[in-house]
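Q:
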Amino acid sequence: MSFDFTALEEEARQKIAQAQDAALLEALRIQYLGRKGLLAEITAIIPTLPLEARPEYGKNANLLKNKLNQLLEARARQIKEDATALFEQFDFTLPGAIPQAGTAHPIAQTVKEISDIFTKLGFVIAEGPEVETEFNNFTGLNIPLDHPARDAFDTFYIKSPSHQVTRSPEKEKNRFLLRSHTSPVQIRVMKKHKPPLAVIVPGKVYRPDAVDASHSFMFHQIEGFLVDEDVKFSDLKGILSVLAKKLFSRNIKMRFRPHFFPFTEPSAEVDISCILCKSHQVTKSQGHQEKRCSVCGGKGWLEIMGCGMIHPNVFANVGYPKGAYTGFAFGMGVDRIAMLKYGINDIRLFYENDLRFLRQF
Ligand code: PHE
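For the sequence shown, this note's numbering begins at 66 and goes up steadily by one.
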């Protein structure tokens with residue numbers, strides 16, 4: 066075996082010149098001068114050479130070794146100098162490239178804010194599926210078969226519209242729809258857990274409403290319910306007034322208007338005093354002179370949720386013993402609350418993904 070020293074040197078010269086950084090150069094050094102490298106191979110065969118050839122061969126090997134060392138050192142110096150030059154050219158006072166960080170959507174922020182208020186009051190958060198059984202959305206909640214909300218035009222059914230199919234509560238457990246409110250999660254949670262319960266349920270709900278500035282086919286609700294022995298309507302009022310004060314302001318006023326929901330009795334709708342005008346403080350005769358408020362239309366009150374004491378039939382439907390528990394429930398529209406909080410006048414803005422809008426939150 067013999068080596069062409071000139072060719073080897075030439076090849077090494079090219080490879081070393083091409084090494085772009087210290088790590089690549091180190092790899093070459095090992096390849097040439099390392100313990101199992103090229104030079105080790107070259108010297109290993111000396112004992113096999115004829116005696117007279119050895120001095121010349123040894124000298125050439127030595128020259129190659131020195132040459133390689135020289136080339137490696139020179140290239141190392143060069144790489145270092147290049148890096149320093151780059152470092153010196155670089156203007157460290159330039160502003161950095163700012164990453165495009167997003168922010169939470171205003172609806173998500175509102176959900177979080179409301180959830181935080183309730184979790185501090187001891188409520189836990191539960192969630193349920195958006196595709197719900199007809200039973201949980203209606204029957205379990207004491208919503209009768211002939212209730213208009215069950216109509217195919219009021220609800221998105223997944224398969225055939227319920228009014229065309231023979232009805233029975235059993236079948237309704239296998240018929241699906243997009244939930245029209247978050248109340249079915251009451252049924253899900255109460256079936257699984259015994260009181261005491263204090264739960265809130267944020268989530269999306271669906272109704273086939275024509276989309277306009279205040280309607281969307283999908284919007285957000287937060288359901289809440291508290292069940293125990295001896296829960297009273299005054300407990301409901303207390304909890305909701307804490308919410309209104311924390312969410313809007315300490316001076317906010319609240320009123321409960323009698324209303325009807327099949328799953329609560331008694332039921333009420335909750336209004337807060339208008340956050341823009343003070344019309345609710347104005348007597349009727351003064352009211353005529355007032356300019357119409359753009360938020361409440363001069364009424365002085367804004368409806369923000371429905372609520373009531375959970376109907377005994379609902380407790381029966383989840384298998385609670387008769388008369389053992391009482392509880393309250395409420396359901397609020399998150400989109401509407403976010404619109405009031407941030408002064409947004411069109412619900413569609415939430416769903417258009419327009420960054421000019423979203424960047425403001
Ligand atoms: N589920 C009702 C709705 O969507 C709101 C509600 C919830 C009312 C709980 C009373 C109790 O309109």
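Every residue, glycine too, gets a C-beta built ideally from N, C-alpha and C.
In terms of residues, what are the limits of the beta strand (DSSP E) holding Asp293?
A: As a working note, residue 293 is residue 228 in the sequence shown. Met283 to Asp293 is the extent of the beta strand (DSSP E) around Asp293.
Q: Taking all protein chains shown into account, do 16 or more other C-beta atoms lie within 10 angstroms of the C-beta of Leu243, making it buried, or fewer, making it exposed?
A: Position 178 of the sequence shown, counted from the start, is the residue given in the question as residue 243. Leu243 should be labelled buried.
Q: Counting only the same chain and skipping the five closest in sequence on each side, list residues whose C-beta sits under 8 Å from that of Ile182.
A: Here residue 182 is taken as the residue at index 117 of the sequence shown, counted from 1. Contacts found: Val307, Leu308, Lys311 and Leu312.
Q: Could you compute how far the alpha carbon of Asn410 sits from the alpha carbon of Asp277?
A: Here residue 410 refers to the residue found at position 345 when the sequence shown is read from its first residue. Here residue 277 refers to the residue found at position 212 when the sequence shown is read from its first residue. Using only the alpha carbons, I get a separation of about 11 Å.
Q: Which residue wins for smallest C-alpha separation from Ala141, given the options Leu301, Leu89 and Leu98?
A: As a first step, residue 141 must be located in the sequence shown, where it is residue number 76. Comparing Cα-Cα distances from Ala141 to each of Leu301, Leu89 and Leu98, the minimum goes to Leu89.
Q: Based on the DSSP secondary-structure assignment, which residues constitute the bridge partners of Cys372?
A: Within the sequence shown, numbered from 1, the residue matching residue 372 stands at position 307. DSSP, once it has assigned bridges, lists Ala333 and Phe395 as partnering Cys372.
Q: Can you grab the Cα-Cα spacing for the pair Arg315 / Ile340, in whole Å?
A: Walking along the sequence shown from the start, residue 315 turns up at place 250. Walking along the sequence shown from the start, residue 340 turns up at place 275. Approximately 11 Å between the Cα atoms of the pair.
Q: Is it true that the CB of Val266 sits closer than 8 Å to the CB of Glu197?
A: As a working note, residue 197 is residue 132 in the sequence shown. As a working note, residue 266 is residue 201 in the sequence shown. No, these two residues do not count as a Cβ contact at 8 Å.
Q: Would you call Ser245 buried or exposed, if buried means 16 or more other Cβ atoms sit within 10 Å of its Cβ?
A: In the sequence shown, the residue the question calls residue 245 occupies position 180. Buried is the call here.
Q: Could you check if Gln286 belongs to the surroundings of the ligand PHE, using beta carbon to heavy atom distance under 7 Å?
A: In the sequence shown, counting from the first residue as 1, residue 286 sits at position 221. Gln286: yes, Cβ under 7 Å from the ligand PHE.
Q: Specify the secondary structure class of Tyr385 as computed by DSSP and reduced to three states.
A: Within the sequence shown, residue 385 is the residue found at index 320, counting from 1. Reduced to three states, the DSSP call for Tyr385 is coil.
Q: Taking Glu330 as the reference, give the member of Lys364, Arg322, Gly289 and Met374 with the closest Cα.
A: Mapped onto the sequence shown, residue 330 falls at position 265. Nearest of Lys364, Arg322, Gly289 and Met374 to Glu330, Cα basis: Met374.
Q: For the segment 299 to 306 and the segment 390 to 401, state whether three or more C-beta atom pairs, one from each stretch, are separated by less than 8 Å.
A: Contact between the segment 299 to 306 and the segment 390 to 401 is present, because at least three Cβ pairs lie under 8 Å.
Q: Return the chain-ordered list of same chain residues with a C-beta closer than 8 Å to the C-beta of Phe426, the five sequence neighbours on each side being excluded.
A: By 1-based counting over the sequence shown, the position of residue 426 is 361. Excluding sequence neighbours, Phe426 sits near Thr168, Ala169, His170, Pro171, Gln174 and Tyr407.
Q: Under the assumption that His285 contacts Lys269 (Cβ atoms under 8 Å), give the Cβ distance between them as a whole number of angstroms.
A: Mapped onto the sequence shown, residue 285 falls at position 220. Mapped onto the sequence shown, residue 269 falls at position 204. Their Cβ separation, rounded to whole angstroms, is 6 Å, which keeps His285 and Lys269 in contact under 8 Å.
Q: Determine the DSSP secondary structure at Glu197, reduced to helix, strand or coil.
A: Translated into the one-based positions of the sequence shown, residue 197 becomes position 132. Note: Glu197 maps to strand in three-state DSSP.
Q: Taking Leu291 and Ile252 to be in contact with their CB atoms under 8 Å, please state how far apart those CB atoms are, rounded to whole angstroms.
A: To locate residue 291, count along the sequence shown from 1; it is residue 226. To locate residue 252, count along the sequence shown from 1; it is residue 187. Not confirmed; about 16 Å, so no contact.
Q: Can you give me the start and stop residues for the beta strand (DSSP E) that Ala221 sits inside?
A: Your numbering for residue 221 matches position 156 in the sequence shown. First, the residue type needs correcting, since residue 221 is Phe and not Ala in the sequence shown. Careful: Phe221 lies outside any beta strand (DSSP E) and carries neither H nor E.
Q: Compute the beta-carbon to beta-carbon distance between Phe282 and Asp274, rounded to the nearest angstrom, for a pair I have assumed lies under 8 Å.
A: Within the sequence shown, numbered from 1, the residue matching residue 282 stands at position 217. Within the sequence shown, numbered from 1, the residue matching residue 274 stands at position 209. Contact flag correct, Cβ pair sits at about 6 Å.
Q: I need the straight-line Cα distance from Met404 to Ile412, nearest angstrom please.
A: In the sequence shown, residue 404 corresponds to position 339, counting from 1. In the sequence shown, residue 412 corresponds to position 347, counting from 1. So the two alpha carbons sit approximately 7 Å from each other.
Q: Threshold first: 4 residues or longer. Then list the alpha helix (DSSP H) segments lying entirely within the segment 90 to 133, N to C.
A: For the segment 90 to 133, whole alpha helix (DSSP H) runs of length 4 or above, ordered along the chain, are 103 to 109.
Q: Report yes if the C-beta of Phe328 is less than 7 Å from at least one heavy atom of the ligand PHE; otherwise report no.
A: For the purposes of this step, residue 328 is taken as the residue at position 263 of the sequence shown. True, at least one ligand heavy atom lies under 7 Å from that Cβ.
Q: Just the Cα atoms here: how many angstroms apart are Thr361 and Ile402?
A: One-based indexing of the sequence shown puts residue 361 at position 296. One-based indexing of the sequence shown puts residue 402 at position 337. The displayed chain sequence assigns Cys, not Thr, to residue 361. Answer to the nearest angstrom: the Cα atoms are 13 Å apart.
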